[in-house]
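Residue numbers in the sequence shown follow the UniProt record's numbering, run continuously in steps of one, and reach 691 at the last position.
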Amino acid sequence: MEGGGEQENEQSRFIPRQQMNRTSFYLLLFLFSLLFFSFTDDGLMKEGKPTKEEVIQDLQNEKEMLGNMTFGVNITHPLPLSVSSSLDELWSVHDPHSSHYYHNITGIFRGEWKNRNISIPDTANMTEIDEARSKFKFDGPATFTLQLKSFSTELEDANYIEGYIRIRDAEKSDSGVLLMTGGVHFLNNGSLYLMAVPNGLSIPLEDLLNMLQSNASFVDTRKVLVEQIDKKIEELDKSPYWDWEVNDESAYPPSFYCQFQMFAQLNPVPKEITQSDLLDYEKELADPQGISTVKPPPLLLSAELYSPNCQLLLSIDKEPGIKIEKYYRKAVAYAGMATAIAIIQIFALIHQMEFTPTPSSVSNVSYWTIAIQAVMDGYLCLLHLTTGVVIENVFIPFATAAFFTFILVSIFGMRYLLVVWRIQRPELIRPTVSEQQQQQQQQQEESTDASENTLPTANIRRPPTTTTEEASPYREVTYLYYRLYAILLLGLFLFYQSITRSAFIQNVILGTLGIFLYSFWVPQIVRNIWRGCRRPLSHTYILVMSITRLSIPLYFYGCPTNLIGHETSSWIWVIVAYVGLQVVILLLQDAFGPRLVVPSRYLPDTYDYHPILTTNIDEETVQQEISQPKDCAICMLPVDIANHSHSGLNVLTRANYMMTPCHHLFHTECLERWMRIKLECPVCRAYLPAC
């Protein structure tokens with residue numbers, strides 16, 4: 001019989017576990033299907049991929065076409081007079097005899113563009129222009145991000161340039177349009193000639209050559225382009241396998257067809273810096289040797305972007321850039337800051353775990369306060385890890401930040417969350433009390449009513465033992481982790497959907513997400529009010545977590561020179577004030593009571609450990625009322641229960657003492673420390689309600 005009972009118990013445990021695993025599998029499968037259908041591109045499924053021989057033949061034909069071109073002949077898109085006058089202003093910046101310029105301009109430029117509103121010829125087809133512009137708003141001004149990479153060539157005075165420019169419209173309705181750029185950079189005068197086309201289209205090298213202003217620059221540019229074509233052909237010949245890259249319009253049809261001729265000019269460095277000093281600085285920046293160099297001069301760029309098919313002229317005036325080496329250093333500094341924040345949060349969480357060592361103290365901690373912070377740490381871990389994988393140069397620092405954040409969320413955060421869950425889980429389950437326990441409780445009540453003892457004794461009994469279904473620790477851990485991963489995946493899906501929508505939807509989603517995540521103290525405030533408990537969290541933990549969790553959003557939304565170039569927003573100070581208000585409420589609850597401003601009629605009945613002692617009686621009456629000397633039984637020092645005429649002073653006085661249901665008086669600090677260990681009266685061992 002005993003063996004059969006064990007088998008039945010084992011089978012009853014196995015069935016819920018199997019059902020939970022099956023449910024979790026279906027949930028994860030559903031979330032992955034959402035992500036799969038969101039990221040799948042129909043263009044990649046198309047057939048008819050070109051072979052390696054066909055691609056090499058196309059490059060050979062393009063090379064032959066460039067060799068047959070002549071300067072100033074058969075120009076497809078001649079420049080209008082308004083564009084030519086703007087270019088004259090652009091080229092007038094430099095003095096070729098005394099000016100010096102950066103040679104390696106690999107880096108990122110961010111700034112603002114303006115529309116010059118050139119006149120459209122009467123012969124232009126407005127229908128085609130509107131179709132090419134699509135829904136993009138060119139009213140301006142708006143922002144742009146230009147990332148360039150410089151490649152040295154056989155020519156000493158010219159480098160090949162590749163990169164992209166992301167242009168955002170005036171309404172900032174979405175992430176903007178992405179244009180791929182390619183061209184040439186002349187080192188002697190700091191001028192750049194680039195073509196910018198929508199992502200998915202190839203760079204028209206013929207139009208690029210027609211942009212050149214002289215025959216000498218035309219010949220040099222053609223040599224640079226032919227050299228790049230030869231390198232591509234050589235790479236294809238040496239490649240053991242054919243890795244086809246989509247670069248035709250049929251596979252990725254863009255919704256934006258404006259092509260730009262980009263005429264750019266670097267701002268000269270100060271005259272006191274010689275060309276040799278500038279080259280030494282660039283060399284030291286690329287390969288640090290500890291050599292002292294000049295103070296880095298600013299890297300400024302001006303440009304005119306002319307679109308023949310959209311009849312547009314966009315202007316960029318002396319916008320700052322950052323060299324890629326300095327950008328990587330800034331990224332490493334940010335990763336160091338994120339690592340330090342994660343380490344500080346780990347020690348703060350350990351301090352909080354030591355502050356609540358017993359089940360009675362953990363029962364006052366809000367589960368959702370810890371859970372929301374764990375979700376935030378999970379997102380930060382994914383963000384830092386993804387950034388480190390995408391950008392190889394900063395993999396180690398970002399992986400370090402992701403590692404410590406992972407330690408914070410998976411080891412300490414989830415462990416503390418599991419402890420809180422297991423202790424508070426009986427609150428969510430309706431207890432079942434046996435009939436024998438109910439009879440014992442009824443007999444105790446009858447005996448208490450029949451007692452003739454007139455002293456105000458404490459009618460406090462320990463809560464009846466409840467019989468609840470014991471859950472396996474493994475099942476509880478699995479359930480918590482599955483729920484955390486499901487929330488993370490769902491949040492990533494919503495975030496991906498938001499970045500492809502309008503600015504209004506983006507602001508609504510990000511604002512709602514920000515308010516939700518930074519309301520992590522609100523559940524604790526509500527639990528304090530509902531249970532009438534004081535100081536469930538350490539003040540150090542509250543202050544450290546509030547400051548550190550505001551540091552990263554303050555950096556991205558409050559610092560104008562942040563890593564990703566995000567525009568500053570005054571709304572970030574609303575989040576700071578909101579979190580600060582939550583902290584103030586928590587501290588006030590600890591000082592004056594958790595139900596300071598909430599009417600008692602809206603709250604469940606709980607025992608008040610800070611009762612108002614009668615003021616119109618003498619000390620002898622008070623002595624009889626509390627039935628014990630006015631000395632704390634824990635520290636053996638007197639307890640001040642003096643009353644004041646001012647009500648505010650009485651509130652402060654009440655916060656200094658606590659009276660148990662068995663009418664024993666203690667200092668607040670002494671009894672709170674005692675109750676973190678056990679919920680028993682230090683004098684008579686009567687059960688004490690949690691506070």
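Each residue gets a CB set at the ideal place from its N, CA and C atoms; glycine is no exception.
It should be emphasised that the depicted structure is a prediction, and the values quoted were computed from it without experimental measurement.
### Task
Note down the Cα distance separating Ile487 from Val375, rounded to an integer number of angstroms.
Rounded to whole angstroms, the gap between the alpha carbons of Ile487 and Val375 is 8 Å.
### Close Cβ partners of Lys149 (< 6 Å) along its chain, the five nearest in sequence each way excluded
Non-local beta-carbon contacts of Lys149 in its own chain, meaning distances under 6 Å to residues more than five positions away in sequence, involve Thr106, Glu162, Gly163 in chain order.
#### Entry: Three or more C-beta pairs below 8 Å linking the stretch 538-555 and the stretch 580-587
Contact between the stretch 538-555 and the stretch 580-587 is present, because at least three Cβ pairs lie under 8 Å.
### Asp130 - DSSP class collapsed to helix/strand/coil
Three-state DSSP puts Asp130 in a helix.
### Top-ranked residue by Cα proximity to Val639, from Asp608, Leu671, Pro661, Cys662
Nearest option by C-alpha distance: Leu671.
### Query
Under 8 Å, do Glu282 and His103 count as touching if we go by C-beta distance?
Yes, these two residues count as a Cβ contact at 8 Å.
### Message
Rounded to the nearest angstrom, what separates Gln373 and Leu380 at their Cα positions?
### Response
Spanning the two alpha carbons is a distance of roughly 11 Å.
### Message
Just to check my reading of the structure: Phe260 and Tyr193 have Cβ atoms closer than 8 Å, yes? What is that Cβ distance to the nearest angstrom?
### Response
That pair is no contact at about 12 Å.
### Task
Count the CB pairs spanning the stretch 133-147 and the stretch 108-115 that are closer than 8 Å, and state whether there are at least three.
Cβ pair count under 8 Å is three or more, so yes.
#### Entry: Inter-stretch contact at 8 Å, needing at least 3 Cβ pairs: the stretch 209-223 / the stretch 269-282
No, because fewer than three Cβ pairs between the stretch 209-223 and the stretch 269-282 fall closer than 8 Å, the two stretches do not touch.
### Query
With distances taken from CA atoms, which of Ile423, Thr386, Glu392, Leu484 is nearest Met414?
In terms of Cα proximity to Met414, the closest of Ile423, Thr386, Glu392, Leu484 is Leu484.
### Query
The beta strand (DSSP E) with Ser546 in it runs from where to where?
Segment 539-558 is the alpha helix (DSSP H) holding Ser546; no beta strand (DSSP E) there.
### Query
Does the distance from the CB of residue 714 to the CB of His100 come in under 8 Å?
Given that the chain is displayed from residue 1 to residue 691, the structure contains no residue 714 and the question cannot be resolved.
### Task
Determine contact between the stretch 48-58 and the stretch 183-200, defined as no fewer than three beta-carbon pairs at a distance below 8 Å.
Two segments are said to touch when three or more pairs of C-beta atoms, one from each, lie closer than 8 Å; by this definition the stretch 48-58 does not touch the stretch 183-200.
### Message
Excluding the 5 residues flanking Asp230 on each side, which residues of the same chain have their C-beta closer than 8 Å to its C-beta?
### Response
Lys63, listed in sequence order.
### Message
Determine whether the beta carbon atoms of Ala264 and Leu205 lie at a separation below 8 Å.
### Response
For Ala264 and Leu205, no; Cβs fall outside 8 Å.
#### Entry: Inter-residue Cα distance where the pair is Ile322 and Leu550
When rounded, the separation of the alpha-carbon atoms in Ile322 and Leu550 is 26 Å.
### Task
Please work out which residues of its chain come closer than 7 Å, Cβ to Cβ, to Val683, disregarding the five sequence neighbours upstream and downstream, and give them in chain order.
Counting only residues of its own chain and dropping the five nearest sequence neighbours on each side, Val683 has a CB closer than 7 Å to the CB of Ala633, His664.
### Query
From Tyr541 to Ile525, what does the alpha carbon distance come to, in whole angstroms?
Each residue's alpha carbon lies about 15 Å from the other.
### Whole-number beta carbon distance between Arg166 and Gly182, since they are thought to touch under 8 Å
In fact, because the Cβ distance is near 16 Å, the residues do not count as touching under 8 Å.
### Query
So, Asp608 versus Arg535, is the Cβ gap smaller than 8 Å?
Inclusion of Asp608 and Arg535 in the CB contact set at 8 Å is not warranted, their separation being larger than that value.
### Message
Let's test the definition: count the other Cβ atoms within 10 Å of the Cβ of Met636 and tell me whether it reaches 16, buried, or not, exposed.
### Response
The C-beta of Met636 has fewer than 16 other C-beta atoms within 10 Å across all chains shown, which makes the residue exposed.
### Task
In angstroms with no decimal places, state the Cα-to-Cα distance between Glu680 and Glu669.
Their Cα atoms are separated by approximately 16 Å.
### Query
Do Ile108 and Tyr327 have their C-beta atoms closer together than 8 Å?
Yes.
### Message
Need the endpoints of the alpha helix (DSSP H) that Glu162 sits in, please.
### Response
Here Glu162 belongs to no alpha helix (DSSP H); instead the beta strand (DSSP E) covers 158-167.
### Residue interval of the beta strand (DSSP E) (run including Leu155)
Note, Leu155: premise wrong, no beta strand (DSSP E); not H, not E.
### Task
Can you grab the Cα-Cα spacing for the pair Pro240 / Ser82, in whole Å?
Straight through space, the alpha carbons of Ser82 and Pro240 are spaced by roughly 51 Å.
### Given Phe520 as reference, the closest of Tyr160, Tyr657, Thr369 once Cα atoms are compared
The candidate whose alpha carbon is nearest that of Phe520 is Thr369.
### Query
Whole beta strand (DSSP E) runs in the stretch 339-421 with 3 or more residues, listed along the chain?
If only uninterrupted beta strand (DSSP E) runs of at least 3 residues are considered, none is enclosed by the stretch 339-421.
### Query
Per DSSP, what kind of secondary structure is Ala486 in: helix, strand or coil?
In the structure shown, Ala486 adopts helical secondary structure according to DSSP, grouped into three states.
### Task
For the stretch 304-320 and the stretch 330-349, state whether three or more C-beta atom pairs, one from each stretch, are separated by less than 8 Å.
Verdict: no, contact absent.
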